[in-house]
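Chains as they are written, first to last, in our numbering: chain L, 1 to 487; chain G, 1 to 129. To keep things clear, I will list the structure first and then write my remarks on it.
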Amino acid sequence: MKVVEPLIFEMSAPGRQAHSLPECDVPARPLDELLPAGMLRESPANLPEVSEVDLVRHFTRLSQLNHGVDTGFYPLGSCTMKYNPKVNEWVARLEGFVDLHPYMPEELVQGALKLLYDMERYLCEIGGLARVSMQPAAGAHGEATGLLIIRAYHQHRGQGHRKKIIIPDSAHGTNPASTTMCGYRTVEVKSDERGGVDLKDLERTLDDEVAGLMLTNPNTLGLFDENIHVISKMVHEAGGLLYYDGANANAVLGISRPADCGFDVVHFNLHKTFGTPHGGGGPGSGPVGVIEELVPYLPVPLVEYDGSRYYLNYDLPHSIGRMRSFYGNFNVVVKAYAYIRALGPEGLRRVSEDAVLNANYLMAKLKEYYWLPYDRICKHEFVLSGKRQKDRYGVRTMDIAKRLLDFGYHPPTVYFPLIVDEALMIEPTETESKETLDGFIDAMIQIAREAEEEPEKLHQAPHRTPVGRLDEVRASRFPNLRYRREE
Amino acid sequence: MTYPRDLRYTKDHEWIKAEDSRGRIGLTNYAQDQLGDIVFVELPEVGRELERGEVFGVVESVKAVSDCYSPASGKVVEVNEKLLDEPELINKDPHGEGWMIVIELSDPAELDQLMDAEAYEKHLEEQMQ
């Protein structure tokens, strides 16, 4: 049976309330004496009137309809939905951290500054970098920060005419968006038949207008670009810089360092790679690091240590300035710090090894049932195509994704990257057991069989969720965002 | 699906139809099928000069947002404002009522460099494999 939770407005009964306030201990005065007429409502606000227990049940039931890493497998490609260890939450809630105020004097926050300072050293070591700023609030903000650093570098060297950023056709949509936001023009470079950057096409795009190239490595196909040293040489010879989009850094921890591969600017997503929560449970954090030559352009302040105390350094005359109020999403940095300290160098390397092993296990088991356009050893994720099911049985990737909901799984990323027809992008992460992976494999095999034998079942999926297939066109075009009481 | 013989096609799946000195432009049936249900269309302003290959508009479907590239150079003289309220016309009738813009061609000879229907169908077959 399907139970649809009513809106809280629909549960409202006149006069019912969830609060009991103490007697007012100051003389009450009418509202129109306290506020000017223009600030007063003409009709009462339409607020729901419910009791406390109904309120609690309503939101508890809604929370049970949610799918999260704590409730089930979440192989959402490129998002690295790994388990977020609870000890990180405990550390971030220590009163020495939560009771801080950003305006406290440096003498009173030495511990917090030391944590930022140490965290910077860890990320420098992981990325092969000279310095890192913790300010960016998430991945795309990190991209914007990195591109502004690249722009400041070129302008400072009298190369302000460089206006082109090269981006592969497999890139995340945030790359061209950040490029445009920073006043650059995006030039797309094609992928070759192995899924890497097409070197011939890259050559075509290189001239003295190139400011840089943004690359995710491994890329969104989950493939490590083996030509990275050639790419680096080509871009640098044209006078451009190399930007590392750290979205897929979960595949390379302790194995390859972006700066050693020739990258000049790097961002990390702490909420992907370093086990802090995503989305509503976030916020994110997207630290940006650079090689020695670009340090003068980093955002201010940087955290320094003079041998006896930690302090905030604002004295960077060429800095791009502040990218965020205060010092970034500090509490997220605390969680990622706890994660790095708990795992250590060997543990971090094992994170990547297990993430890659899990992805390859799934890929090897599933490629018999779904088309695998780039059939080679993958890194932490891989991309299947629903094209076989579409061409033979009229079942599309969207149908497969919706059917997975019936099995209690969050579907993989679908229809991305754009270069794969009917894409299904699967990233299991390192935190899943073989039993969990096998359960998912069984579901995917069953769905492949259903596509052949009972395609209608997939067209109408999901069947076991509180609501069935939603009309996405209508939801996009005529969103119903406001409750109106029926008269 | 056969493609209308009086249209010319690009590798990026736009079509253009010569109408005297003008060219009517839209997305091909293959493009709309790949995009899925279109929910939003962005069109250029009338009077804008377009280079061949330049982005003239954006279509957003439930799956993705895609740029549309002009098959030829010229000045925009008409846009299909009906699409702003009914973007689904591109899905329903891509080569007809779903047209997007009309340009005054600056060099009608550019159209000769585009694929005819037969070549485009072959291009699609190759892409399918």
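Backbone N, C-alpha and C define an ideal beta-carbon position, used for all residues, glycine too. Since the model is a prediction, treat every value here as computed from it, not as a measurement.
>> For G408 (chain L), list the residues DSSP reports as bridge partners.
In response: Along the first sequence, read from residue 1 onward, the residue named residue 408 (chain L) stands at position 408. Residue pairing by DSSP places G408 (chain L) opposite no residue, since no beta bridge is assigned to it.
>> Going residue by residue through the region 127–164 of chain L, where are the continuous alpha helix (DSSP H) segments of at least 4 residues, counting only ones entirely within it?
In response: Runs of the alpha helix (DSSP H) lying entirely within the region 127–164 of chain L, each at least 4 residues long, are 139–156 in chain order.
> H172 (chain L): buried (16+ other C-beta within 10 angstroms of its C-beta) or exposed?
Replying inline: The sequence position of residue 172 (chain L) within the first sequence is 172, counting from 1. Here H172 (chain L) is buried, its C-beta having at least 16 other C-beta atoms within 10 Å.
> At a Cβ threshold of 8 angstroms, is V230 (chain L) touching chain G?
Replying inline: Position 230 of the first sequence, counting from 1, holds the residue named residue 230 (chain L). No, its Cβ sits nowhere closer than 8 angstroms to a Cβ of chain G.
> Does E143 (chain L) come within less than 8 angstroms of chain G when only Cβ atoms are used?
Replying inline: Against the first sequence, residue 143 (chain L) aligns to sequence position 143. For E143 (chain L), the answer is no, since every Cβ of chain G falls outside 8 angstroms of its Cβ.
>> Rounded to whole angstroms, what is the Cα-Cα separation between R121 (chain L) and G128 (chain L)?
In response: Counting from 1 along the first sequence, the entry for residue 121 (chain L) is found at position 121. Counting from 1 along the first sequence, the entry for residue 128 (chain L) is found at position 128. R121 (chain L) and G128 (chain L) have their C-alpha atoms spaced approximately 10 angstroms apart.
> From which residue to which residue does the alpha helix (DSSP H) around A451 (chain L) run?
Replying inline: Walking along the first sequence from the start, residue 451 (chain L) turns up at place 451. That run of the alpha helix (DSSP H) goes 434–453.
>> Residues of chain B with CB closer than 7 angstroms to the CB of V39 (chain G), please, in chain order.
In response: In the structure shown, chain B does not exist; the protein chains are L and G.
> Cβ of G47 (chain G) within 8 angstroms of Cβ of K82 (chain G)?
Replying inline: Within the second sequence, residue 47 (chain G) is the residue found at index 47, counting from 1. Within the second sequence, residue 82 (chain G) is the residue found at index 82, counting from 1. Cβ atoms of G47 (chain G) and K82 (chain G): not closer than 8 angstroms.
>> Whether or not the region 168–184 of chain L and the region 106–119 of chain L are in contact is what I'm after, with contact meaning three or more pairs of Cβ atoms, one per stretch, closer than 8 angstroms; do they touch?
In response: Verdict: no, contact absent.
> When the cut-off is 8 angstroms and only beta carbons count, does M115 (chain G) lie next to chain L?
Replying inline: The residue you call residue 115 (chain G) lines up with position 115 of the second sequence. No, its Cβ sits nowhere closer than 8 angstroms to a Cβ of chain L.
>> Here's the rule I'm using: 16 or more other beta-carbon atoms within 10 Å means buried, otherwise exposed. How should C261 (chain L) be labelled?
In response: Start at 1 with the first residue of the first sequence, and residue 261 (chain L) comes out as number 261. Classification for C261 (chain L): buried.
> To which residues of the same chain is F407 (chain L) closer than 6 angstroms at the C-beta, ignoring the five residues directly before and after it?
Replying inline: In the first sequence, the residue the question calls residue 407 (chain L) occupies position 407. Residues A443 of the same chain have their beta carbon placed closer than 6 angstroms to that of F407 (chain L), with the five preceding and five following residues left out of the count.
>> Within a Cβ cutoff of 7 angstroms, which residues of the same chain sit near D67 (chain G), ignoring the five residues on either side of it in sequence?
In response: Stepping through the second sequence from its first residue, residue 67 (chain G) is reached at position 67. Only V55, V58 meet the Cβ criterion.
> What's the gap between the Cα of L418 (chain L) and the Cα of L35 (chain G)?
Replying inline: Translated into positions along the first sequence, residue 418 (chain L) becomes position 418. Translated into positions along the second sequence, residue 35 (chain G) becomes position 35. Linking L418 (chain L) to L35 (chain G) through their CA atoms gives a straight-line distance of about 10 angstroms.
> Cα separation between N66 (chain L) and I426 (chain L)?
Replying inline: In the first sequence, counting from the first residue as 1, residue 66 (chain L) sits at position 66. In the first sequence, counting from the first residue as 1, residue 426 (chain L) sits at position 426. Cα-Cα distance, rounded: 20 angstroms.
> Going along chain L in order, which residues have a C-beta closer than 8 angstroms to the C-beta of V62 (chain G)?
Replying inline: Mapped onto the second sequence, residue 62 (chain G) falls at position 62. Near V62 (chain G) (Cβ distances below 8 angstroms), the residues of chain L are E472, V473, S476.
>> Let's see if you can read the secondary structure: which residues bound the alpha helix (DSSP H) around K365 (chain L)?
In response: Along the first sequence, one-based indexing puts residue 365 (chain L) at 365. Here the alpha helix (DSSP H) through K365 (chain L) covers 330–366.
>> Just to confirm, is the Cβ distance from I126 (chain L) to R257 (chain L) under 8 angstroms?
In response: Within the first sequence, numbered from 1, the residue matching residue 126 (chain L) stands at position 126. Within the first sequence, numbered from 1, the residue matching residue 257 (chain L) stands at position 257. Yes. Within cutoff.
> Could you check where the alpha helix (DSSP H) with W90 (chain L) kicks off and where it finishes?
Replying inline: In the first sequence, residue 90 (chain L) corresponds to position 90, counting from 1. In the DSSP assignment, W90 (chain L) falls within the alpha helix (DSSP H) that extends over 86–92.
> Who are the near neighbours of M1 (chain L) in its chain, counting only those whose CB is closer than 8 angstroms to its CB and skipping five residues on each side?
Replying inline: Sequence index remark: in the first sequence, residue 1 (chain L) carries index 1 (1-based). Below a pLDDT of 50, predicted positions are generally treated as unreliable, and M1 (chain L), at 37, falls in that range; no measurement from the model is reported.
> chain G partners of L418 (chain L), CB-CB under 7 angstroms?
Replying inline: Numbered from its first residue, the first sequence carries residue 418 (chain L) at position 418. Chain G residues near L418 (chain L): A64.
> What are the start and end residues of each continuous beta strand (DSSP E) run of 3 or more residues lying completely inside the region 218–255 of chain L, in chain order?
Replying inline: Correct list: 241–246.
> Residues of chain G with a CB under 7 angstroms from the CB of Y415 (chain L): which are they?
Replying inline: Counting from one through the first sequence, the residue named residue 415 (chain L) turns up at place 415. Correct list: K63, A64.
> Starting from Y305 (chain L) and walking both ways along the beta strand (DSSP E), at which residues does that stretch end?
Replying inline: As a first step, residue 305 (chain L) is located in the first sequence; it is residue number 305 there, counting from the start. Under the DSSP assignment, Y305 (chain L) falls in the beta strand (DSSP E) whose first and last residues are 302–305.
>> Measuring alpha carbon to alpha carbon, tell me which residue in G:N29, G:F40, G:G23 is nearest D93 (chain G).
In response: Residue 93 (chain G) sits at position 93 when you count from the first residue of the second sequence. Taking only the C-alpha atoms, the option nearest D93 (chain G) is G:N29.
> Which one of L:C124, L:Q17, L:D421, L:G68 has the shortest CA to CA distance from A259 (chain L)?
Replying inline: Counting from one through the first sequence, the residue named residue 259 (chain L) turns up at place 259. Of the listed residues, the one whose Cα sits closest to A259 (chain L) is L:C124.
> Is DSSP giving K63 (chain G) helix, strand or coil here?
Replying inline: Locating residue 63 (chain G) in the second sequence gives position 63, where the first residue counts as 1. Residue state for K63 (chain G) is assigned as coil, using DSSP reduced to three classes.
>> Using DSSP's beta-bridge definition, name the partner residues of K17 (chain G).
In response: Locating residue 17 (chain G) in the second sequence gives position 17, counting from the first residue. The partner list for K17 (chain G) (beta bridge, DSSP) reads G:R24.
>> In the DSSP output, which residue or residues are listed as bridge partners for F40 (chain G)?
In response: One-based indexing of the second sequence puts residue 40 (chain G) at position 40. Within the DSSP secondary-structure output, F40 (chain G) pairs in a beta bridge with G:E60.
>> Using C-beta distances below 7 angstroms, list every residue in its chain close to N175 (chain L), excluding the 5 sequence neighbours before and after it, in chain order.
In response: Counting from 1 along the first sequence, the entry for residue 175 (chain L) is found at position 175. A distance below 7 angstroms between beta-carbons, with the five flanking residues on each side excluded, links N175 (chain L) to the following residues of its chain, in chain order: E143, I167, M214, D245.
> Which term fits N46 (chain L), buried or exposed, when burial requires 16 or more other beta carbons within 10 angstroms of its beta carbon?
Replying inline: To locate residue 46 (chain L), count along the first sequence from 1; it is residue 46. Exposed, because fewer than 16 other Cβ atoms sit within 10 Å of the Cβ of N46 (chain L).
> Enumerated in chain order, which unbroken segments of the beta strand (DSSP E) with a length of 3 residues or greater are wholly contained in the region 85–125 of chain G?
Replying inline: DSSP runs (the beta strand (DSSP E)) wholly in the region 85–125 of chain G: 101–105.
>> Could you check whether V395 (chain L) and A451 (chain L) sit closer than 8 angstroms to each other, using their CB atoms as the reference points?
In response: Taking the first sequence and counting its residues from 1, one reaches residue 451 (chain L) at position 451. Taking the first sequence and counting its residues from 1, one reaches residue 395 (chain L) at position 395. In contact: A451 (chain L) and V395 (chain L) (Cβ atoms closer than 8 angstroms).
>> For P455 (chain L) and R5 (chain G), I'd like the C-alpha separation in whole angstroms.
In response: Residue 455 (chain L) sits at position 455 when you count from the first residue of the first sequence. Residue 5 (chain G) sits at position 5 when you count from the first residue of the second sequence. Taken atom to atom, the span from the alpha-carbon of P455 (chain L) to that of R5 (chain G) is near 35 angstroms.
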